[in-house]
Each structure stands twice: as structure tokens, then as C-alpha cells.
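Numbering (our numbering), first residue to last: 50 to 524.
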Amino acid sequence: MSELSVLSILREDEKVEGAFFNIDGYYFYRLNGIHEYRVMEHDIHVNLGNKQLYLYKDVISILRDIDQSPVYTNVDPNKKEDEQDVYIKWLTDSPKGEYEYIRDFESKIYKKDEILFHDFMKEYIEICKFKDANIDCSIVFIGYTLIDNNFEIKIKAFNYKILNNISKKIAQQFSKHKFIVKSDNLNWLRLDEFIVEDNAEITSPNGNKLLINTLKPSMGKIFEYLFKKIDKEGYIDLKIDEKKDKKEEAILKNLINNKKQLYGLLKPYLKLFINNQFMYLHDETALDLKDEKNNRIFSFSPRLMQYYQKQWFEDFIGEILMIIKDKYKGFSIKSTMRNKIFNFYKDGDNSHNIEIDWIIDVEKGGVNRTIGIECKKTLKKNYNKATRDKVYTKIVESGKAIVDGYLIVGYFKEAGFLGDMILSSQDEYKPSIIFNEDEYSDEDVFIQYLSICDTDIKDIQNKIIKCIEIIYKNS
Numbered sequence: 050m051s052e053l054s055v056l057s058i059l060r061e062d063e064k065v066e067g068a069f070f071n072i073d074g075y076y077f078y079r080l081n082g083i084h085e086y087r088v089m090e091h092d093i094h095v096n097l098g099n100k101q102l103y104l105y106k107d108v109i110s111i112l113r114d115i116d117q118s119p120v121y122t123n124v125d126p127n128k129k130e131d132e133q134d135v136y137i138k139w140l141t142d143s144p145k146g147e148y149e150y151i152r153d154f155e156s157k158i159y160k161k162d163e164i165l166f167h168d169f170m171k172e173y174i175e176i177c178k179f180k181d182a183n184i185d186c187s188i189v190f191i192g193y194t195l196i197d198n199n200f201e202i203k204i205k206a207f208n209y210k211i212l213n214n215i216s217k218k219i220a221q222q223f224s225k226h227k228f229i230v231k232s233d234n235l236n237w238l239r240l241d242e243f244i245v246e247d248n249a250e251i252t253s254p255n256g257n258k259l260l261i262n263t264l265k266p267s268m269g270k271i272f273e274y275l276f277k278k279i280d281k282e283g284y285i286d287l288k289i290d291e292k293k294d295k296k297e298e299a300i301l302k303n304l305i306n307n308k309k310q311l312y313g314l315l316k317p318y319l320k321l322f323i324n325n326q327f328m329y330l331h332d333e334t335a336l337d338l339k340d341e342k343n344n345r346i347f348s349f350s351p352r353l354m355q356y357y358q359k360q361w362f363e364d365f366i367g368e369i370l371m372i373i374k375d376k377y378k379g380f381s382i383k384s385t386m387r388n389k390i391f392n393f394y395k396d397g398d399n400s401h402n403i404e405i406d407w408i409i410d411v412e413k414g415g416v417n418r419t420i421g422i423e424c425k426k427t428l429k430k431n432y433n434k435a436t437r438d439k440v441y442t443k444i445v446e447s448g449k450a451i452v453d454g455y456l457i458v459g460y461f462k463e464a465g466f467l468g469d470m471i472l473s474s475q476d477e478y479k480p481s482i483i484f485n486e487d488e489y490s491d492e493d494v495f496i497q498y499l500s501i502c503d504t505d506i507k508d509i510q511n512k513i514i515k516c517i518e519i520i521y522k523n524s
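Next comes the structure, spelled out in C-alpha cells:
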């Protein structure tokens with residue numbers, strides 16, 4: 050999305066002399082300081098394939114048959130579906146050449162940076178209005194050219210919400226007809242203006258080795274057992290005794306057999322006891338060899354322990370996202386951002402800052418969704434509510450319709466945590482919907498919030514895929 054120059058647009062009852070263009074009661078001026086609107090534009094590319102299509106007969110009819118249902122807009126509950134208002138009104142009966150608009154309305158304008166038509170660089174232009182009572186200027190200019198089998202579209206609007214909605218509808222319309230649509234995600238392009246800090250950290254060689262091993266499906270149960278011991282006691286005892294149950298004993302034996310793969314990760318330590326109370330670990334040789342034999346345990350080095358506690362799970366989820374990107378065909382992960390701190394209010398108030406571990410740009414059928422992912426190694430009992438409240442106060446209440454979905458992913462979970470929002474009767478995830486209730490907000494903020502938890506890499510992968518598909522299904 051690019052932002053162009055500022056134009057003044059007045060309603061018919063406000064008009065003054067000097068308008069260079071008018072339509073449907075809107076008058077366009079090169080005035081300063083009076084009802085100024087910044088022109089925003091967006092490009093869409095449609096590959097029509099090998100079909101023999103004609104501009105007037107086929108392509109334009111597809112465009113004009115655009116879905117009339119609202120996008121994140123309140124529908125009148127007192128009306129039946131077939132009685133709902135039309136949300137897009139075409140203001141032109143037929144396409145008109147760009148040169149005609151330039152000749153008729155802009156040939157005598159001196160400042161070529163304050164224009165509507167000169168820089169379209171498209172063969173034809175049409176004009177429509179996206180109905181929204183809360184937005185002053187919902188006029189949309191759509192320019193297009195048919196070149197061989199490519200339909201090139203440029204959209205200009207004066208409000209981000211309108212530009213975003215009309216772009217989504219056009220992309221959906223051509224995707225519905227099985228054409229290949231390429232359209233940058235407006236929300237994704239807009240994210241940069243809200244970034245206040247990059248909080249990404251560099252992974253150490255040992256941390257990278259731990260990450261690589263945890264990505265091996267064959268090692269999944271071993272690391273699940275190891276991490277539980279590390280989280281609970283700070284170390285693992287590799288001695289097998291009669292107290293362990295058969296399942297735990299089998300996992301422990303498997304861990305011992307794979308110990309070579311863990312060299313450099315697990316370091317030997319000794320437990321030091323004082324008055325029969327365990328005090329700390331140390332890596333010096335014991336004075337008594339018997340003590341050394343009986344009290345030898347294994348744990349991560351301090352630096353690796355820090356990586357495991359603070360960074361490993363985010364890296365782990367990042368690698369799973371790359372697996373999905375490479376192997377899953379149902380949608381495409383176009384771009385990713387990591388550990389960015391955003392202020393969607395753009396007010397400099399640190400209390401409005403929110404750090405998002407991963408944020409991804411997903412495309413399916415020409416439609417993009419921006420999804421935030423928060424990674425928590427252990428999900429605590431009240432974490433869902435706390436995070437949901439954070440998303441509401443730091444994203445939704447900002448009034449910026451940028452994030453379409455927010456996903457919480459955990460590895461372990463505490464007793465009582467309400468994870469995996471699944472409708473058992475349909476075996477399907479049920480998102481919680483977070484939206485802004487201010488009817489006068491410039492943008493309709495509508496975020497689907499889901500949480501999942503698992504220790505198996507394939508199950509986590511499948512659950513993330515399912516959540517993304519649900520976000521598309523419900524929006």
C-alpha cells in the first residue's frame with residue numbers, strides 16, 4: 050500500500066468554487082486544510098490462465114459481479130439476508146478510458162502530484178462507493194488493463210478500511226472463478242509503521258543443537274520426559290531404580306541409549322547435600338568417589354538452561370512454521386516476523402506496547418490473513434483470559450484492523466488450563482471472537498483467538514494448520 054498526496058473532498062452542501070472533479074455529490078479540490086484526505090492505493094494482479102476471455106464480455110462482468118455482502122461490517126439484524134442493503138454501489142455505467150478522465154478533468158492542473166487519474170497507468174477506470182455510514186468518503190477508483198492473459202488492477206481510496214475491504218472482495222471474486230490472484234497483504238505492509246522495537250535474539254551453537262534434536266520426531270518422547278524433569282527438579286537422574294514405572298523406565302532407557310546425541314547438551318553434575326537437604330549442583334570432582342557415583346546427575350549448562358527457558362520454544366514453533374510453509378498446500382505462508390514490539394496506538398505510551406513472538410502473512414485463494422502467534426512453553430491456568438484481555442486492550446481498542454487471528458501455542462500446560470478450544474461434537478476448534486464495540490471506529494477490528502497445546506511436533510503442526518484454516522473459514 051502506498052500513500053499519495055492529499056486531496057480535499059467536500060460534500061455537495063459544502064462545495065465551493067474550483068472543484069476539478071465531482072461524482073455522486075462528492076467534489077474534489079486542490080485546497081489545503083479543508084476536509085483533507087490522503088489518497089491510498091493498492092495493486093492486484095490476476096492471471097486469467099489460457100482461457101480466451103474478452104474484457105467487456107467476461108472480465109468486467111466478473112469484476113462488477115463482486116460479492117455485495119459486508120466485510121466485518123454490522124448487518125441489520127432486523128432484516129432478512131435478501132433484504133440487506135447493497136454495500137457496493139457502482140457510480141459509472143461502463144468503463145471509461147483513463148485518457149478521457151485526464152483530458153476532461155486534469156488537463157489544466159499544474160501540480161501533477163495532487164491528481165486522481167494521471168498516475169493510474171491503466172487503460173480504463175471505473176468508480177464505485179462502498180457503503181459505510183461511519184466513513185465520510187467511501188469513494189473508490191478502480192483502474193484496470195487487460196494485457197494478454199493478465200488483468201492488472203489498481204485501486205485508489207481515501208480510507209484504509211475501505212481500501213482493505215474492496216481489495217479483499219476483488220481478490221475473492223477472481224479466486225472464486227479459479228484464477229490465480231496476486232495481491233500484497235495490506236495489513237502486512239502496514240505493520241511496519243507500528244513497530245517500536247525488534248527484540249529478536251541470536252541462538253548459540255549449543256542452543257541450535259538442542260533445537261535440531263527436538264525437531265526429530267523420534268526424539269519427541271525423550272525430550273518431553275527430559276524437559277519435565279528439568280522444569281520440576283532442575284536436573285535428570287539417569288539411574289534406573291525400582292521406583293520408576295514401566296513406561297517411565299522405557300523412556301529413560303531410550304534416553305540413555307540416545308545419550309550420544311545429547312553430548313554437549315547434558316553436562317554431568319554432583320548434588321551437594323547439607324544436613325540431608327539438597328542445596329545446589331556443582332561440577333567439581335567429589336572428595337569421596339562413592340558420593341560422586343551416588344550423586345551424579347545431568348543438567349543443562351547455565352547458558353543452555355537460559356536458552357531453553359527463554360527462547361527454545363519460540364525457535365521450535367518457528368521451525369514448525371517453516372515445515373508448514375514447505376509442505377502444506379492448503380494455504381501459503383508468505384512472510385514472517387519475529388519478536389517485534391508494536392504500538393498500534395502510535396502514541397509513545399509504553400503501556401500500549403505488545404510483543405508478538407511470531408506474526409505471519411498467510412495467503413489462501415488470493416485472500417491474505419495476518420496472524421499473531423504467542424509461544425508459551427508452559428500454559429498456566431489463567432493464561433487464556435490474561436492474553437485475551439491483552440489482545441483486546443493493546444490491539445482491538447487501538448481501532449487498527451491489522452491482525453485477523455491470534456494463536457496461543459503451548460508445550461506443557463498446568464492443571465486447570467482451558468486449552469485446545471474444541472467442539473467435541475464436531476471435532477473442530479472454536480475460536481473466541483474479540484472485536485471493537487465502538488460503532489464510530491474508522492476500522493472494524495475482528496480478531497479470532499485460539500489456544501492449543503501439545504508436546505508432539507506433528508500434532509502441533511496439524512493443530513496450527515487447523516487453526517489457520519478455521520480463521521479462514523470464519524472470516
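Glycine included, each C-beta is placed from N, C-alpha and C at the ideal position.
CB contact flag (residue i, residue j, <8 Å)
{"i": "Val-88", "j": "Lys-205", "result": "yes"}
{"i": "Ile-390", "j": "Val-245", "result": "yes"}
{"i": "Ile-399", "j": "Trp-237", "result": "At residue 399 the sequence reads Asn, which differs from the Ile that was named. The answer is no: Cβ separation not under 8 Å."}
{"i": "Gln-510", "j": "Ile-369", "result": "yes"}
{"i": "Phe-70", "j": "Leu-165", "result": "yes"}
{"i": "Leu-304", "j": "Tyr-284", "result": "no"}
{"i": "Phe-200", "j": "Val-108", "result": "yes"}
{"i": "Ile-83", "j": "Ser-57", "result": "yes"}
{"i": "Asn-198", "j": "Gly-98", "result": "yes"}
{"i": "Leu-240", "j": "Lys-178", "result": "no"}
{"i": "Asp-73", "j": "Asn-234", "result": "no"}
{"i": "Ile-176", "j": "Glu-147", "result": "no"}
{"i": "Phe-207", "j": "Cys-186", "result": "yes"}
{"i": "Val-440", "j": "Tyr-460", "result": "no"}
{"i": "Ile-514", "j": "Ile-382", "result": "no"}
{"i": "Gly-313", "j": "Asn-255", "result": "yes"}
{"i": "Leu-259", "j": "Tyr-357", "result": "yes"}
In DSSP terms, what residue i is bridged to
{"i": "Tyr-173", "result": "Gly-146, Tyr-193"}
{"i": "Lys-462", "result": "Leu-428"}
{"i": "Ser-384", "result": "Asp-410"}
{"i": "Thr-419", "result": "Asp-410"}
{"i": "His-94", "result": "Glu-201, Lys-231"}
{"i": "Phe-77", "result": "Ile-58, Phe-70"}
{"i": "Gln-497", "result": "Gly-454, Ile-482"}
{"i": "Trp-139", "result": "Cys-177"}
{"i": "Ile-346", "result": "Tyr-318"}
{"i": "Lys-389", "result": "Asp-247, Ile-405"}
{"i": "Ile-188", "result": "Lys-178"}
{"i": "Ile-285", "result": "Phe-347"}
Candidates the options, of which the one nearest residue i by Cα
{"i": "Tyr-318", "options": "Asn-303, Pro-351, Glu-298", "result": "Pro-351"}
{"i": "Glu-463", "options": "Val-189, Val-440, Asp-503, Ser-447", "result": "Asp-503"}
{"i": "Glu-172", "options": "Phe-154, Glu-155, Lys-180, Leu-195", "result": "Leu-195"}
{"i": "Ile-519", "options": "Ser-500, Phe-179, Gln-355", "result": "Ser-500"}
{"i": "Ser-384", "options": "Thr-419, Phe-365, Ile-174, Arg-345", "result": "Thr-419"}
{"i": "Leu-428", "options": "Ser-57, Ile-444, Lys-378, Phe-362", "result": "Phe-362"}
{"i": "Glu-446", "options": "Asn-431, Lys-277, Asn-392, Lys-145", "result": "Asn-392"}
{"i": "Val-55", "options": "Lys-64, Phe-77, Glu-61, Asp-62", "result": "Phe-77"}
{"i": "Tyr-150", "options": "Ile-184, Gly-192, Phe-179, Ile-405", "result": "Gly-192"}
{"i": "Asn-402", "options": "Ser-381, Lys-413, Asn-388, Ile-261", "result": "Asn-388"}
{"i": "Asn-262", "options": "Lys-180, Phe-190, Ile-115, Phe-365", "result": "Phe-365"}
{"i": "Asp-438", "options": "Lys-203, Ile-483, Gly-454", "result": "Ile-483"}
{"i": "Arg-113", "options": "Phe-461, Gln-101, Tyr-136, Asp-92", "result": "Tyr-136"}
{"i": "Leu-102", "options": "His-226, Leu-353, Leu-311", "result": "His-226"}
{"i": "Tyr-377", "options": "Asn-431, Lys-512, Ala-450", "result": "Lys-512"}
{"i": "Tyr-346", "options": "Tyr-105, Lys-316, Ile-115", "result": "Here residue 346 is Ile; the residue named in the question, Tyr, does not match the sequence. Closest option to Ile-346, Cα to Cα, is Lys-316."}
{"i": "Ala-450", "options": "Asn-485, Cys-424, Ser-481", "result": "Asn-485"}
Burial state of residue i, where buried means 16 or more other Cβ atoms lie within 10 Å
{"i": "Glu-33", "result": "The question about residue 33 has no answer here: the residues shown for the chain are numbered 50 through 524."}
{"i": "Leu-336", "result": "For Leu-336, the predicted structure reports a pLDDT of 48, less than 50, and the residue's modelled location is therefore unreliable. A value from the coordinates is still provided. By the 10 Å Cβ count, Leu-336 comes out exposed."}
{"i": "Met-386", "result": "buried"}
{"i": "Ile-517", "result": "buried"}
{"i": "Val-452", "result": "buried"}
{"i": "Val-494", "result": "buried"}
{"i": "Asp-247", "result": "exposed"}
{"i": "Ser-156", "result": "exposed"}
{"i": "Glu-406", "result": "Residue 406 is actually Asp in this sequence, not Glu. Buried, because 16 or more other Cβ atoms sit within 10 Å of the Cβ of Asp-406."}
{"i": "Lys-129", "result": "Since pLDDT at Lys-129 reaches only 46, below the 50 mark, its modelled position is unreliable, and the value read off the structure follows with that caveat. So Lys-129 counts as exposed."}
{"i": "Glu-66", "result": "exposed"}
{"i": "Met-268", "result": "buried"}
{"i": "Gln-360", "result": "buried"}
{"i": "Lys-288", "result": "exposed"}
{"i": "Gly-415", "result": "buried"}
{"i": "Asn-433", "result": "buried"}
8 Å Cβ cutoff, residue i in contact with chain D
{"i": "Ile-305", "result": "The structure shown has no chain D; it contains just one protein chain."}
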